[in-house]
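In what follows, a single structure is set out as structure tokens and then discussed.
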Amino acid sequence: MALSAIRGIAITSTRRAAYRLTPPAAFFRPSVVPALQNNVRPYITVQKYERDDVLSMLDEYHATVMSANWADYLVLVYNGPFWEAELEKLTSVVQPYLHEPAVGAKFSEVQEMMDVLYQCEDVRDHINELAELATRASGFMGTGFAAEDKVENAMDHAKLCSDTYQKILDKHPNFKPKIEQTVGHGLAILRSKHKFKFGSMHRYFF
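Each residue of the sequence shown is one higher than the one before, starting from -5 at the first, in my numbering.
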């Protein structure tokens, strides 16, 4: 009788101990992950332009830049950053169609146009600086009062500008009107302040 009672107490205590050592049921629950984490799919979008759209954008860009007054430095200062940003965009969207003759030829024309623009802008800026220094050297209202020093090697600068003008004309004959508008006209203005000769000087009645 006593042995049965002791055995019953031992079994009961063992069950309680086993119950205490059993981890909570939550430990055995499968972790529930939100559906969005299990089914992650990256969202990538690429804006695609059709061939006709690319040609239209190239034509519009070419017309906009060509119709601008390259000789007006304010026009270039105000519009230059926007033209460069648009050219960067065009360079990206035109890539799938560069193998086509029409698109490739038009994009090459746009690139050449921008190359000519930058060259003409550099030369014209230098000519404007020379002309400004010549004006200051003549003094207040050309009277000689408060005159600044003259550019001693003005002839060398004028020859360098006229030679560069001729090189640009020879390399880019299709852009002759824009080259004349910027560099040619700039040389004519400089010649009114410092006498020198260049190829198209009589075209400007000097």
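Glycine included, each C-beta is placed from N, C-alpha and C at the ideal position.
Assigned exposure category for residue 152 - 16 Cβ within 10 Å defines buried = Residue 152 counts as buried, since no fewer than 16 other beta carbons sit within 10 angstroms of its beta carbon.
Taking residue 141 as part of the alpha helix (DSSP H), name the residues at either end of that continuous run.
-> Element bounds for residue 141: n/a, residue is neither H nor E.
Nearest-angstrom Cβ-Cβ length linking residue 155 and residue 110, presumed shorter than 8 Å = That pair is no contact at about 16 Å.
Look at residue 175 and residue 65 and say whether their C-beta atoms are less than 7 Å apart.
-> For residue 175 and residue 65, yes; Cβs fall inside 7 Å.
With DSSP collapsed to three states, give me the class of residue 109.
-> In the structure shown, residue 109 sits in a helix (DSSP, three-state: H, G or I).
So which of 43, 157, 138 and 124 has the shortest CA-CA distance to residue 184?
-> Nearest to residue 184 by alpha-carbon distance, out of 43, 157, 138 and 124, is 124.
Per DSSP, what kind of secondary structure is residue 43 in: helix, strand or coil?
-> Here residue 43 sits in coil by DSSP.
Below 7 Å between beta carbons: does that hold for residue 48 and residue 104?
-> In this structure, residue 104 does not lie closer than 7 Å to residue 48 by Cβ.
Who are the near neighbours of residue 158 in its chain, counting only those whose CB is closer than 6 Å to its CB and skipping five residues on each side?
-> Taken in chain order, the residues that qualify are 117.
Pick from 91, 74 and 62: whose alpha carbon is nearest that of residue 43?
-> Nearest in C-alpha terms to residue 43, of all of 91, 74 and 62, is 91.
Residue 169 versus residue 139: straight-line alpha-carbon distance, rounded = Answer to the nearest angstrom: the Cα atoms are 42 Å apart.
For the putative contact between residue 166 and residue 128, defined by C-beta atoms under 8 Å, what is the C-beta separation to the nearest angstrom?
-> Not quite, the Cβ-Cβ distance comes to about 28 Å (not below 8 Å), so this is no contact.
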